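In the UniProt record's numbering, the protein residues as written are 1 to 289. Cβ coordinates follow ideal geometry from the N, Cα and C atoms, glycine included. Just so it is clear, the structure is predicted and the values come from calculations on it, not from any experiment.
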């Protein structure tokens with residue numbers, strides 16, 4: 001993943017965004033749901049993906065079922081994080097690689113809240129077309145910015161009205177595993193340069209197998225038609241916290257295993273998905289000032 005790829009919702013990383021929406025659709029149908037996303041099923045159905053992904057519990061989905069709890073716990077945790085940021089006075093947020101995220105359309109946002117979604121143009125165009133056809137409207141001021149995160153996305157963000165003088169809540173959900181080390185460094189530097197004191201950053205951090213091509217994780221992904229070795233750089237990268245702390249951020253982390261247990265859920269224990277999900281965490285940072 002070194003070239004700038006103009007991928008869409010049915011190819012490459014776009015399929016992973018679709019799988020996450022499918023997981024939210026399954027979770028929303030549960031009586032004990034942690035997340036209620038009334039738009040996820042519409043997005044899955046409209047995609048007409050070459051890979052069979054469920055939009056309701058009636059659809060057979062043994063692979064996705066094993067990941068659904070993780071997706072639900074992750075989504076709920078970040079929903080709560082946004083709610084806390086809003087309660088503490090933050091009125092601006094950026095979702096990096098937003099994919100098929102629907103928080104703008106389903107969240108309870110404070111008055112005057114502005115949310116910027118940054119992702120590949122074709123993915124955002126697909127999401128907007130589906131939600132527009134269902135007459136779904138954002139519940140806060142929304143800005144959709146179609147740009148590759150390895151291009152000059154910071155310039156496009158400011159052109160869209162982003163105010164670097166305001167504290168910002170930044171979310172990188174399901175993004176960092178796909179970034180080469182240089183792109184990850186540049187992204188964190190850009191976030192720092194655009195962040196006022198009091199800004200917050202949340203990163204989903206995951207440790208992937210060293211021999212990814214021969215791992216059980218990639219074997220599972222290949223059943224979805226996804227070769228992880230084509231999406232994930234093979235290099236070892238430093239922990240993002242090592243770059244954040246010298247730049248003035250205070251950091252903390254919580255494992256998704258612990259978060260899942262708080263919600264009465266268990267993450268998969270099999271050798272394919274288990275190690276990756278159990279070693280994943282929510283890395284939180286706050287810019288002191």
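Inset, instruction - Alpha carbon to alpha carbon, how far is residue 141 from residue 133? Give it in angstroms, no decimals. - result: 19 Å
Inset, instruction - Could you spell out the range, first to last residue, of the beta strand (DSSP E) harbouring residue 170? - result: 169-172
Inset, instruction - Please state whether DSSP places residue 205 in a helix, a strand or coil. - result: Strand, per DSSP.
Legend entry - Rounded Cβ spacing between residue 110 and residue 91 (contact assumed at less than 8 Å): 7 Å
Inset, instruction - For the beta strand (DSSP E) containing residue 130, list its first residue and its last residue. - result: No beta strand (DSSP E) contains residue 130, which is instead part of the alpha helix (DSSP H) from 121-133.
Inset, instruction - In angstroms with no decimal places, state the Cα-to-Cα distance between residue 105 and residue 207. - result: 31 Å
Legend entry - Bridge partner(s) assigned by DSSP for residue 143: 116
Inset, instruction - Determine, using beta carbons only, whether residue 17 and residue 41 come nearer to each other than 8 Å. - result: No, the pair does not count as a contact, with Cβ atoms beyond the cut-off.
Legend entry - Rounded C-alpha distance that separates residue 22 from residue 46: Computed Cα separation, rounded: 12 Å.
Legend entry - residue 245, enclosing alpha helix (DSSP H) - first and last residue: Judged by DSSP secondary structure, residue 245 falls outside any alpha helix (DSSP H); it is assigned neither H nor E.
Legend entry - Strand pairing of residue 285, partner residues [DSSP]: DSSP lists 201, 251 as partners of residue 285.
Legend entry - For residue 67 and residue 268, the rounded distance between their alpha carbons: 7 Å
Legend entry - Residues of its chain near residue 82, where Cβ-Cβ distance is below 8 Å and the 5 sequence neighbours each way are ignored: 93, 103, 107, 169, 171
Inset, instruction - Within its chain, find whatever has a CB closer than 7 Å to the CB of residue 2; leave out the 5 residues flanking it on each side and keep chain order. - result: Since pLDDT at residue 2 reaches only 36, below the 50 mark, its modelled position is unreliable, and the value read off the structure follows with that caveat. Contacts found: 180.
Legend entry - DSSP state of residue 4 mapped onto helix, strand, coil: Summary for residue 4: the model assigns pLDDT 42, below 50, so the residue's position carries little reliability, and this model does not support an answer.
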